[in-house]
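Going line by line, the protein sequences match chains A and B.
Residue 272 in the UniProt record's numbering sits at position 272 of the first sequence, and the numbers go up by one each step.
Residue 55 in the UniProt record's numbering sits at position 55 of the second sequence, and the numbers go up by one each step.
For every residue, glycine included, the Cβ atom is placed at its ideal position computed from N, Cα and C.
2 protein chains.
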Amino acid sequence: MKYYVGIDLGGTNTKLGLVDESGNIIFTTIAKTDSIEGFSETIKRLSNILKAQIETSNVSFSDVKSVGIGVPGPVLNNRIVKFWANFPWKNGVDLALEFEKNLGIPVKADNDVNVITLGEMWQGAGQGYKNVLGLAIGTGIGGGIIVDGKLISGLNGAGGEVGHIKIEHNGKLCGCGQKGCWEAYASATGIIREAQSRLAVNKQNLLYKMTKGRDLEAKDVFDAAKQGDKFSLGIVDYEAEKLALGIGNLLNILDPEIVVIGGGVALSGDFLFDKVKEKIKEVAFPSTLETLKIVTAKLGNDAGILGAAYLGMQG
Amino acid sequence: MKYYVGIDLGGTNTKLGLVDESGNIIFTTIAKTDSIEGFSETIKRLSNILKAQIETSNVSFSDVKSVGIGVPGPVLNNRIVKFWANFPWKNGVDLALEFEKNLGIPVKADNDVNVITLGEMWQGAGQGYKNVLGLAIGTGIGGGIIVDGKLISGLNGAGGEVGHIKIEHNGKLCGCGQKGCWEAYASATGIIREAQSRLAVNKQNLLYKMTKGRDLEAKDVFDAAKQGDKFSLGIVDYEAEKLALGIGNLLNILDPEIVVIGGGVALSGDFLFDKVKEKIKEVAFPSTLETLKIVTAKLGNDAGILGAAYLGMQG
């Protein structure tokens, strides 16, 4: 049996896992990333944790064929991290090479949402499909585009940066500094912004009562809406409309078989997606909707490890 | 030497050509499509014209290896035309099979703008690139997306239907029946609509004088603007802004190496594109612009034949 390492490199924690060729997870472990100690030192420590963990398993290191890594940032040629989001590391470093030095087997890296989408295609909600649009809707909106089984990473590693398509000219300010980005409207942050803006002029609602005296979360809006709060239902409608606008645009460009949506906002499931499917008819080309599936991601925290393992496996 | 047929099937005329493996055009000929005579009859007649033309050339039919066809409509599996734009033919017919019956060699079909983009990549403005976004901006806006040398045709043949991404919620009515489509703003038709709308309230300008008593064309707007007409320059700015909005969105999704723009609007060249390049900075992710080229298509009327020949050649 052949085995593959998947690593989900995060700003705070790094998940490391070993997967067999059928997608069974042999182990996963979590380590503090502690990127502050420096690029080479951190990679060395994480590599040692990985090797130690493999030694305590029943798998021989010689049966481990490759390593895949998901990274929060754009990656060039499956090796170079163009820039790091929330890491004090130099931009443009060869992350794959650094792991290869320590582990002695081939390493491939890609953007984390790209990797998650691969995982969902291999073992999750996208199983059986080769043309998959993956969306991670949380603080921002990330995208992974798979065509014919392969990721579109783009010339500058910016393929799938769908959170920054503009859905309104000179619209809401986005964290990226530009205006009118999709994620400024349809991410969890976008929901919170819209809710706060509406609450400033309307306090006669359940959402206000529920969240008085504490920070509002996107989940609160869905919870209040599910209890019938009209005010919150209006915000969910707004969210569905903005989601439909971005997804519909992507359908017109990519015409995929399935859209797999993960991240915090996806947890509201069909309560939100049923509205999205209705509103998307005004945006997407009818033929793109004929057999399209829009589903919730299934793998949760394991998506990053499984996708990274699969990335390495693709050779 | 091996030879390849390229066919550009149009509503009025059909261009047929023979190309060698290096992209040299042996001949091209134009025939009336006359689709009214029926699907099988038209294909048979066009096939006979092609065979007769090859006989009068120095090429033996046995050296002709394949046929490629560009079609105004979405094509499934390089064979089936999902629906015909402006043809009285049944939707869902196997166009490739019908030509194969008459010609006895393998046939592949794809959407016409997809095929043109292939042609520009092979022999035109996109030569040397493998990740190309092709745009045809005329009456509408069509798109062809090539990733790693291969077209993204989409599950329903709707890949690259970029003219119908929405750039404004509940915006201008589009010919497709939906609202806010990119082509409702940035196509030649979009320019004419905007010019007519502005002319209704301002007749103190060169454009009005130039076009009084006849139909206005998009070209008039550029001609007047080049002569310094402020009114027309305002419309060109509008066009540049809308073009930048759509192209910028596509860059954030696909991150290509080069954008090749054809169609009537592209004839205005750098006069328009320089403004687009300026405005696109507010839309596209900065990393997608680092090495990006935006250029005018080079092949003109030959793009369809060369691209179709190359489509068939790809086997």
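Listed along chain B, no residue sits closer than 8 Å to Ile146(A) by beta-carbon distance, the nearest being about 11 Å off. The Cβ atoms of Gly246(A) and Ala186(A) sit closer than 8 Å to each other. The beta-carbon of Phe285(B) is placed less than 8 Å from the nearest beta-carbon of chain A. For the region 174-188 of chain A, the set of positions with a beta-carbon nearer than 8 Å to some beta-carbon of chain B reads Cys176, Gln178, Lys179 in chain order. Pro72(A) has a beta carbon lying at 8 Å or more from every beta carbon in chain B. Distance between His164(B) and Lys179(B), taken at the CA atoms: about 9 Å. Annotation for Ala85(A): Pro72, Gly73 place their beta carbon closer than 6 Å to its own, counting only its chain and skipping 5 residues before and after. Going by C-alpha positions, Glu100(B) is about 23 Å away from Asn58(B).
Here Met121(B) is buried. Its C-beta has 16 or more other C-beta atoms within 10 Å. Contact of Lys275(B) with chain A is not assigned, every C-beta pair being separated by 8 Å or more. When the Cα atoms are used, Lys226(A) and Arg198(A) turn out to be separated by approximately 18 Å. Interface with chain B (8 Å Cβ-Cβ cutoff): Glu257(A) is included.
For the region 225-249 of chain A, the set of positions with a beta-carbon nearer than 8 Å to some beta-carbon of chain B reads Glu241, Leu245, Gly248, Asn249 in chain order. Nearest in C-alpha terms to Leu46(B), of all of Asn102(B), Ala224(B), Leu267(B), is Asn102(B). Assignment of beta-bridge partners to Phe27(A) by DSSP yields Leu18(A). Glu241(B) and Lys275(B) have their C-alpha atoms roughly 8 Å apart. Note on geometry: alpha-carbon atoms of Gly263(B) and Gln204(B) lie some 30 Å from one another.
CA-CA distance, Ser35(A) to Gly140(A), rounds to 22 Å. DSSP, read as helix, strand or coil, puts Asn131(A) in coil. For Gly159(B), the nearest CB of chain A lies under 8 Å from its own CB, placing it at the interface with that chain. Secondary structure note for Ile294(B): its beta strand (DSSP E) is the uninterrupted segment 293-296. DSSP lists Leu173(B) as the beta-bridge partner residues of Lys179(B). Across the structure, Lys166(B) and Thr288(B) are spaced so that their CA atoms are roughly 21 Å apart.
Bounds of the beta strand (DSSP E) holding Asp110(A) are 107-111.
At a cut-off of 8 Å between C-beta atoms, Lys82(B) counts as an interface residue with respect to chain A.
Secondary structure at Ser47(B): helix, using DSSP grouped into helix, strand and coil. For Tyr3(A), the closest of Ile30(A), Thr29(A), Gly10(A), Ile54(A) by C-alpha to C-alpha distance is Ile54(A).
Asp148(B) and Asn24(A) have their C-alpha atoms spaced approximately 31 Å apart.
When C-beta atoms of the region 289-307 of chain A are compared with those of the region 122-139 of chain A, three or more pairs fall below 8 Å, so the two segments count as touching.
Per DSSP, the unbroken alpha helix (DSSP H) holding Ile253(B) starts and ends at 230-254. In the DSSP assignment, Ile191(B) falls within the alpha helix (DSSP H) that extends over 188-199. Rounded to whole angstroms, Leu207(B) and Ala52(B) show a C-alpha spacing of 49 Å. Taken atom to atom, the span from the alpha-carbon of Asn156(B) to that of Asp255(A) is near 7 Å. For Gly177(A), the closest of Ile26(B), Lys281(B), Thr42(B) by C-alpha to C-alpha distance is Lys281(B). For Glu282(A), the nearest beta carbon of chain B is closer than 8 Å to its own beta carbon.
Following the DSSP letters along the chain, one finds Gly312(B) inside the alpha helix (DSSP H) bounded by residues 303-313.
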